[in-house]
Every structure is written in C-alpha cells, then in structure tokens.
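**Q** Quick note: the sequence shown uses the numbering used here, first residue 5, plus one each step. Quick reminder that beta carbons are idealized off the backbone N, C-alpha and C, glycines included.
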Amino acid sequence: MTPSNYALADLDTKSPDPSDLPIRPLRVQQLGFMAALHPDIILLIFSYLNQADCLTCMLVCRDWYYAIPQYAKSVWTTIDLDPSDAYIENLCRARCLGGHVKNVTLRYFASEYELTCILNKLLDWGCTKIKSLGK
5 MTPSNYALAD LDTKSPDPSD LPIRPLRVQQ LGFMAALHPD IILLIFSYLN
55 QADCLTCMLV CRDWYYAIPQ YAKSVWTTID LDPSDAYIEN LCRARCLGGH
105 VKNVTLRYFA SEYELTCILN KLLDWGCTKI KSLGK
C-alpha cells in the first residue's frame, strides 16, 4: 500500500524507526536555513546584503535562485542602470526587479534611443511603480 492510500485509522501512533524514514530530497537540504527559519528572520538577513551579493547567492542552487528574489526586495528598491543594461540580459537581476523598484538612476545615456530602450526594459522587468528617475 502506498502512503497516499493510508487511512488515518491505519496509521500507527508509535514513533517510526529512524532507519525506516525516507531520506530528505537534496533540494530541501540545500535550502537549509531558509527552510528552518521564520520568513521575517530571512528578510532581515537579506537586508544586510547588497545587490551583487544577492546575485551571487542566486547562483548557489536552483532553489535559492527562485527564493532569494522574494526575500531581497528591500535591496532592490533603488537601482543604477547604464546603456549596456538595455542589451545584456541578466536573468538573475531581472528576477529581482519588479513593482518594488522605486528609484532608478540612469547613467551615461548619450541618446534618446538608448534611454527609450532602457525605459522599455524597465517595463519588461515589471518596474511599474517607479517614483523617481535620476542621473
């Protein structure tokens, strides 16, 4: 009988033998502290990181790649962009951007075309609640 077929009445109330327990999948083990800590504590930890540190953490494993953007939103409220950002796809950074971006600094834009490209890219990244653009 598979575990999904067990009825509550069929379950033994004794503690199982540890050797009978299944090994936890590797991806749960990789999350480590994120699975063990309260989300508010994880948010506090990530508030001490800068943007480059967050991007590096996202390269640790697939689970961190998906989890870190939700915990590091406070790190990404202000971003600095230059013309190369309109052409280079940084998928990790793109996952960290969104409606929580409030301040954008645009550096070294020489043409209206470059500026238009980066503004369109901001929309593609979901940055729709920007309060200030600066240079």
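Hey, out of Leu95, Arg99 and Lys135, whose CA is closest to Thr109's CA?
**A** Nearest C-alpha to Thr109: Lys135.
**Q** For Lys3, I'd like the list of residues in its chain whose CB is within less than 6 Å of its CB, leaving aside the five on either flank, ordered along the chain.
**A** Past the edges of the chain, shown from 5 to 139, lies residue 3, and the structure says nothing about it.
**Q** Helix, strand or coil, according to DSSP, for Thr109 in the structure here?
**A** Note: Thr109 maps to strand in three-state DSSP.
**Q** What is the C-beta distance between Cys131 and Gly102, in whole angstroms, given that I count them as a contact (C-beta under 8 Å)?
**A** Confirmed, Cβ separation roughly 7 Å.
**Q** Rank Gln55, Lys133 and Arg99 by C-alpha distance to the C-alpha of Ala71 and give the top, closest one.
**A** Nearest option by C-alpha distance: Arg99.
**Q** Since Ile83 sits in a beta bridge, which residues does DSSP pair it with?
**A** Partner(s): Val108.
**Q** Just the Cα atoms here: how many angstroms apart are Arg28 and Asp44?
**A** For Arg28, the predicted structure reports a pLDDT of 47, less than 50, and the residue's modelled location is therefore unreliable. The matter cannot be settled from this model.
**Q** DSSP has Leu137 in a bridge; who is on the other side?
**A** Val108.
**Q** Would you please state the rounded distance, in angstroms, between the beta carbons of Lys125 and His104? I believe it to be under 8 Å.
**A** That pair is no contact at about 17 Å.
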